[in-house]
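Trainee:
2 protein chains.
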Amino acid sequence: MISTHKTVIGNFVTDDKKIIDSQEFSSLKEYNDSEKSLKKLIKKHKKAKPATKESETVLRTALKDQKYFKSFRDQNILLTKQQIKDSVNNDDLIVQTVSNMSELDITANTLSKRLREWFSLILPELDKGVPDHEKFAELVATKNKKELLKELEIKKDESMGADLEKVDIEEMKLLATQILGLYKLRDTHELYLEKIMKEYCPNFHAVAGTNIGAKLFEHGKSLKRLACLPASTIQLLGAEKALFRHIKTGSKSPKYGIIYTHYLVQKAKRKDKGMVARAVANKLSIALRIDFFQGDFIGDDIRDKLEKKFGYKKTNKSE
Amino acid sequence: MISTHKTVIGNFVTDDKKIIDSQEFSSLKEYNDSEKSLKKLIKKHKKAKPATKESETVLRTALKDQKYFKSFRDQNILLTKQQIKDSVNNDDLIVQTVSNMSELDITANTLSKRLREWFSLILPELDKGVPDHEKFAELVATKNKKELLKELEIKKDESMGADLEKVDIEEMKLLATQILGLYKLRDTHELYLEKIMKEYCPNFHAVAGTNIGAKLFEHGKSLKRLACLPASTIQLLGAEKALFRHIKTGSKSPKYGIIYTHYLVQKAKRKDKGMVARAVANKLSIALRIDFFQGDFIGDDIRDKLEKKFGYKKTNKSE
Numbered sequence: 002m003i004s005t006h007k008t009v010i011g012n013f014v015t016d017d018k019k020i021i022d023s024q025e026f027s028s029l030k031e032y033n034d035s036e037k038s039l040k041k042l043i044k045k046h047k048k049a050k051p052a053t054k055e056s057e058t059v060l061r062t063a064l065k066d067q068k069y070f071k072s073f074r075d076q077n078i079l080l081t082k083q084q085i086k087d088s089v090n091n092d093d094l095i096v097q098t099v100s101n102m103s104e105l106d107i108t109a110n111t112l113s114k115r116l117r118e119w120f121s122l123i124l125p126e127l128d129k130g131v132p133d134h135e136k137f138a139e140l141v142a143t144k145n146k147k148e149l150l151k152e153l154e155i156k157k158d159e160s161m162g163a164d165l166e167k168v169d170i171e172e173m174k175l176l177a178t179q180i181l182g183l184y185k186l187r188d189t190h191e192l193y194l195e196k197i198m199k200e201y202c203p204n205f206h207a208v209a210g211t212n213i214g215a216k217l218f219e220h221g222k223s224l225k226r227l228a229c230l231p232a233s234t235i236q237l238l239g240a241e242k243a244l245f246r247h248i249k250t251g252s253k254s255p256k257y258g259i260i261y262t263h264y265l266v267q268k269a270k271r272k273d274k275g276m277v278a279r280a281v282a283n284k285l286s287i288a289l290r291i292d293f294f295q296g297d298f299i300g301d302d303i304r305d306k307l308e309k310k311f312g313y314k315k316t317n318k319s320e
Numbered sequence: 002m003i004s005t006h007k008t009v010i011g012n013f014v015t016d017d018k019k020i021i022d023s024q025e026f027s028s029l030k031e032y033n034d035s036e037k038s039l040k041k042l043i044k045k046h047k048k049a050k051p052a053t054k055e056s057e058t059v060l061r062t063a064l065k066d067q068k069y070f071k072s073f074r075d076q077n078i079l080l081t082k083q084q085i086k087d088s089v090n091n092d093d094l095i096v097q098t099v100s101n102m103s104e105l106d107i108t109a110n111t112l113s114k115r116l117r118e119w120f121s122l123i124l125p126e127l128d129k130g131v132p133d134h135e136k137f138a139e140l141v142a143t144k145n146k147k148e149l150l151k152e153l154e155i156k157k158d159e160s161m162g163a164d165l166e167k168v169d170i171e172e173m174k175l176l177a178t179q180i181l182g183l184y185k186l187r188d189t190h191e192l193y194l195e196k197i198m199k200e201y202c203p204n205f206h207a208v209a210g211t212n213i214g215a216k217l218f219e220h221g222k223s224l225k226r227l228a229c230l231p232a233s234t235i236q237l238l239g240a241e242k243a244l245f246r247h248i249k250t251g252s253k254s255p256k257y258g259i260i261y262t263h264y265l266v267q268k269a270k271r272k273d274k275g276m277v278a279r280a281v282a283n284k285l286s287i288a289l290r291i292d293f294f295q296g297d298f299i300g301d302d303i304r305d306k307l308e309k310k311f312g313y314k315k316t317n318k319s320e
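Here the protein sequences line up with chains Y and G, keeping their order. Quick note: the first sequence uses the working numbering, first residue 2, plus one each step. Quick note: the second sequence uses the working numbering, first residue 2, plus one each step.
1. Would you mind giving the Cβ-Cβ distance between G:H190 and G:M102, rounded to the nearest angstrom? I have them listed as a contact below 8 angstroms.
2. To the nearest angstrom, report how far apart G:S319 and G:A278 are at their CA atoms.
3. Start and end of the alpha helix (DSSP H) containing Y:H247?
4. Of all the CB atoms in chain G, is at least one closer than 8 angstroms to the CB of Y:M161?
5. On the DSSP bridge list, what partners appear for Y:S23?
6. Within 10 Å of its beta-carbon, does G:F26 have 16 or more other beta-carbons around it, so buried, or fewer, so exposed?
7. Determine the extent of the beta strand (DSSP E) in which Y:T5 is found, giving its start and end residues.
8. Measuring CB to CB, does G:I95 end up less than 8 angstroms from G:F218?
9. Can you give me the start and stop residues for the alpha helix (DSSP H) that G:V131 sits inside?
10. Would you grab the beta carbon distance between Y:L237 and Y:G258 for me? Rounded to a whole angstrom, and I think it's under 8 angstroms.
11. When DSSP builds the beta bridges, which residues end up paired with Y:K50?
12. Given a limit of 7 angstroms on CB to CB distance, which residues of the stretch 85 to 98 of chain G reach chain Y?
13. Would you mind giving the Cβ-Cβ distance between G:I180 and G:L124, rounded to the nearest angstrom? I have them listed as a contact below 8 angstroms.
14. Relative to chain G, which residues along the stretch 133 to 153 of chain Y have a C-beta separation below 8 angstroms, given in chain order?
15. Just to make sure I have the definition right: I need the residues of chain G whose C-beta is within less than 8 angstroms of the C-beta of Y:T15. Which are they?
16. Mapping DSSP to helix, strand and coil, what is G:I78?
17. When DSSP labels each residue in this structure, what does G:P203 get in the three-state scheme?
18. Can you tell me whether DSSP reads Y:S319 as helix, strand or coil?
19. Helix or strand or just coil, what does DSSP make of G:I155?
20. G:Q267 CB to nearest chain Y CB: under 8 angstroms?
21. To the nearest angstrom, report how far apart Y:D265 and Y:R290 are at their CA atoms.
22. Inspect the beta-carbon positions of Y:A269 and Y:L183 and report whether they are closer than 8 angstroms.
23. Using a Cβ-Cβ cutoff of less than 7 angstroms, which residues in the same chain neighbour Y:D128 once the five nearest sequence positions on both sides are dropped?
24. Quick one: any contact between the stretch 194 to 209 of chain G and the stretch 158 to 176 of chain G, if contact means 3 or more CB pairs under 8 angstroms?
25. What residues from chain G crowd round Y:S100, counting only those whose CB sits closer than 7 angstroms?
26. Can you pull the chain Y residues whose beta carbon is under 9 angstroms from the beta carbon of G:H190, in chain order?
27. Look at the Cβ atom of Y:N145, then the Cβ atom of Y:I299, and state whether they are nearer than 8 angstroms.
28. Quick one: is G:G182 near chain B, going by C-beta distance under 8 angstroms?
29. Considering only their Cβ atoms, is the gap separating G:K222 from G:D92 smaller than 8 angstroms?
30. What does G:S82 reach in chain Y if we use C-beta pairs closer than 9 angstroms?
31. Using 8 angstroms as the Cβ pair cut-off and three pairs as the minimum, do the stretch 128 to 143 of chain Y and the stretch 153 to 164 of chain G touch?
32. Whole angstroms are fine: how far does the CA of Y:L64 sit from the CA of Y:L227?
33. Counting along the chain, where does the alpha helix (DSSP H) carrying Y:K216 start and finish?
34. Check each residue of the stretch 203 to 225 of chain Y: if its Cβ is closer than 7 angstroms to any Cβ of chain G, include it; give the result in chain order.
35. Taking the alpha-carbon of Y:I20 as reference, which of Y:K242, Y:Y313, Y:K7 has the nearest alpha-carbon?
36. Taking all protein chains shown into account, do 16 or more other C-beta atoms lie within 10 angstroms of the C-beta of Y:S1, making it buried, or fewer, making it exposed?
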């Protein structure tokens, strides 16, 4: 019996005992386009039939020949590399960007705390006066002590800060500038993320917004996985600790995870929050599935209906 | 008996029963210059003697009068603020700078790891090829994929990295630039630190070098405290964990802490390291005491003698 075979190093035709014809590939491209050449081969051997268990055993024995070893290994490595290369997609980009945003938040916080302690040598009053880290760094980077005293409405004598030399202050200003850079990079990432998500999962983005959407991606790792999750799981993503505590000790079950920060949940009354979170999670789940199967864009409709249902006024929509 | 008294709100003269004369201060400056005015007061009351326990009781009773309360409180607050202001010194600047350098190291590391993971989507081979974080960030920030492939001597087909769009790569480049900024700031801090230490503790700096000196400051918190420490403690600063394990469980005692990275200890043979560390710590202790009592600069002599003792060649001195 004559059979045709497709392998990573070439197409082969075998009879009951040995290889009787072959087309060996010299590059991965030929393997990728091998359907055509296989058809040609089948035309040439009119009697050939698709491979069976028996004919495969024949081929395998024949391929044990030393001369195939190297090309088998090389082609397989190339193929694997190709597959790794092709596996990079928007999921990876989103997850990496979100992770980096979290990382940037943490580092900016750490350095801000250091800056506050350091700058307190000069002007301890600024620490309490300006609770926002980014604003604090901006003030330190751009203003001198005199201007800051004016801003805080403190007389020079009343401040507990030492009068340091310019060279000492310069180091703090440099640190403040670096911190501002980190915050700025975070904002750039957010814009970039918005752009990707609007293309990749427009419905999901319309309902969730950039921030919450990205955080859900960080937990779910990919659109496919997120689309496969039940709505109740989406509702609780990010509340794993509370959930497992609930399962283990019988404490109250959590009502929301990451979507707690969704603007609709935020605006809801305390007793309604659980219900709103459930509704939002339901719609997110639907949106994710539409996106995964590349359906039409109806994200705005979904969001509008949700907003109407919970009496949310359009005017102060900012998410 | 007539006595003179100096308080934070003014100079007072009392007889056996009450205040008979006073100079009240209207500002902290007058209090700071009160020696002069006190002398005038003493001249005026020729019979006046320094305050005794009895006369102080008289004054204290007199000052219970309501009218002194507010000024007492205000002057004391001002005085405390003044003292806080004056307490800022080079110790604080050094400790803050060193702490920030450690912080910068940590954050730059964290972000570098993220960059490596992220950039591996494009060119996974670069991660292994360039182990140094700073160099890695520099390459990502300044070169494009083609140049990097050339640098790594990899053919385009052999790379496992995906070909992403420019907008995607841009975000990674921005992150790399931020990381470079953090490393640059660290270097600036180091130069600044060197400058302060050369002024504030030149002998210590000459023997220890900037890096080790700064780390010892981070542990000792101030020149005074460091100067008060015995040499054996300086030898073990930074090895607290091993020391307490030794005390608690009787395991081997540590031979060196931070000074393990000192170039003389580094160059010593394994079995000599403990001895060299002890000698270095001894000299550091001497240098610290000279600096604290503001003695002459003999740091270079101390270091030369140490180097000679352990046969260290001058040529490759870089610390």
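Just so it is clear, CB atoms sit at the ideal spot from N, CA and C, and this is done for glycine as well.
Mentor: Straight from the coordinates:
1. What you label residue 190 of chain G is simply residue 189 of the second sequence in a count that begins at 1. What you label residue 102 of chain G is simply residue 101 of the second sequence in a count that begins at 1. About 5 angstroms; that satisfies the 8 angstroms criterion.
2. As a working note, residue 319 of chain G is residue 318 in the second sequence. As a working note, residue 278 of chain G is residue 277 in the second sequence. Only weak support is given to the placement of G:S319: the predicted model assigns it a pLDDT of 47, under 50, and the question is left unresolved by the model.
3. For this step, residue 247 of chain Y is matched to residue 246 along the first sequence. Where Y:H247 is concerned, the enclosing alpha helix (DSSP H) stretches over 241 to 250.
4. Here residue 161 of chain Y corresponds to residue number 160 of the first sequence, with the count starting at 1. So yes, Y:M161 belongs to the interface.
5. Here residue 23 of chain Y corresponds to residue number 22 of the first sequence, with the count starting at 1. Beta-bridge partners of Y:S23 (DSSP): Y:F13.
6. Indexing the second sequence from 1 puts residue 26 of chain G at position 25. So G:F26 counts as buried.
7. Taking the first residue of the first sequence as position 1, residue 5 of chain Y is located at position 4. Run containing Y:T5: 4 to 7, per the beta strand (DSSP E) assignment.
8. For this step, residue 95 of chain G is matched to residue 94 along the second sequence. For this step, residue 218 of chain G is matched to residue 217 along the second sequence. It is a contact, given that the beta carbons lie within the stated cut-off.
9. Residue 131 of chain G sits at position 130 when you count from the first residue of the second sequence. Note, G:V131: premise wrong, no alpha helix (DSSP H); not H, not E.
10. Position 236 of the first sequence, counted from the first residue, corresponds to residue 237 of chain Y. Position 257 of the first sequence, counted from the first residue, corresponds to residue 258 of chain Y. About 5 angstroms separates the CB atoms of Y:L237 and Y:G258; that is less than 8 angstroms, so the two are in contact.
11. For the purposes of this step, residue 50 of chain Y is taken as the residue at position 49 of the first sequence. In the DSSP assignment, Y:K50 is bridged to Y:S4.
12. Close to chain Y, meaning a Cβ-Cβ distance shorter than 7 angstroms, are the following residues of the stretch 85 to 98 of chain G: I85, K86, V89, D93, L94, Q97, T98.
13. Along the second sequence, one-based indexing puts residue 180 of chain G at 179. Along the second sequence, one-based indexing puts residue 124 of chain G at 123. Not a contact, Cβ separation roughly 17 angstroms.
14. Contacts with chain G (Cβ-Cβ distance below 8 angstroms) from the stretch 133 to 153 of chain Y involve no residue at all.
15. As a first step, residue 15 of chain Y is located in the first sequence; it is residue number 14 there, counting from the start. Those within 8 angstroms of Y:T15 in chain G number zero; the least Cβ separation is about 31 angstroms.
16. Looking up residue 78 of chain G in the second sequence gives position 77. In the three-state scheme derived from DSSP, where H, G and I count as helix and E and B as strand, G:I78 is classed as helix.
17. Position 202 of the second sequence, counting from 1, holds the residue named residue 203 of chain G. G:P203 carries a helical assignment under DSSP once its states are collapsed to helix, strand and coil.
18. Your numbering for residue 319 of chain Y matches position 318 in the first sequence. Caution applies to Y:S319, whose pLDDT of 47 falls short of 50 and renders its modelled position unreliable; the value that the coordinates give is listed next. It is coil, neither helix nor strand.
19. Position 154 of the second sequence, counted from the first residue, corresponds to residue 155 of chain G. Taken through DSSP and simplified to helix, strand or coil, G:I155 comes out as coil.
20. For the purposes of this step, residue 267 of chain G is taken as the residue at position 266 of the second sequence. It does not: the Cβ of G:Q267 has no partner Cβ on chain Y nearer than 8 angstroms.
21. Translated into positions along the first sequence, residue 265 of chain Y becomes position 264. Translated into positions along the first sequence, residue 290 of chain Y becomes position 289. Looking at the sequence provided, one finds Leu at residue 265 of chain Y rather than Asp. Approximately 21 angstroms, taken between the alpha carbons.
22. Numbered from its first residue, the first sequence carries residue 269 of chain Y at position 268. Numbered from its first residue, the first sequence carries residue 183 of chain Y at position 182. In this structure, Y:L183 does not lie closer than 8 angstroms to Y:A269 by Cβ.
23. In the first sequence, the residue the question calls residue 128 of chain Y occupies position 127. Contacts found: R117, S121.
24. Short answer: they don't touch.
25. Counting from 1 along the first sequence, the entry for residue 100 of chain Y is found at position 99. R115, listed in chain order.
26. For the purposes of this step, residue 190 of chain G is taken as the residue at position 189 of the second sequence. Contact annotation for G:H190 against chain Y: E172, L175, L176 [CB-CB distance below 9 angstroms, chain order].
27. Against the first sequence, residue 145 of chain Y aligns to sequence position 144. Against the first sequence, residue 299 of chain Y aligns to sequence position 298. Not closer than 8 angstroms, so no.
28. In the displayed structure, chain B is absent; the protein chains listed are Y and G.
29. Locating residue 92 of chain G in the second sequence gives position 91, counting from the first residue. Locating residue 222 of chain G in the second sequence gives position 221, counting from the first residue. In contact: G:D92 and G:K222 (Cβ atoms closer than 8 angstroms).
30. Position 81 of the second sequence, counted from the start, is the residue given in the question as residue 82 of chain G. First, the residue type needs correcting, since residue 82 of chain G is Lys and not Ser in the sequence shown. Per Cβ cutoff of 9 angstroms: D158, E159, S160, M161.
31. Taking a cut-off of 8 angstroms for Cβ pairs, the stretch 128 to 143 of chain Y and the stretch 153 to 164 of chain G do not touch, as fewer than three such pairs fall below it.
32. Translated into the one-based positions of the first sequence, residue 227 of chain Y becomes position 226. Translated into the one-based positions of the first sequence, residue 64 of chain Y becomes position 63. About 43 angstroms.
33. In the first sequence, the residue the question calls residue 216 of chain Y occupies position 215. Looking at the DSSP string, the run of the alpha helix (DSSP H) that includes Y:K216 is 211 to 221.
34. Residues: none.
35. Walking along the first sequence from the start, residue 20 of chain Y turns up at place 19. Here the closest residue by C-alpha is Y:K7.
36. No answer is possible for residue 1 of chain Y: it lies beyond the span of chain Y, which begins at 2 and ends at 320.
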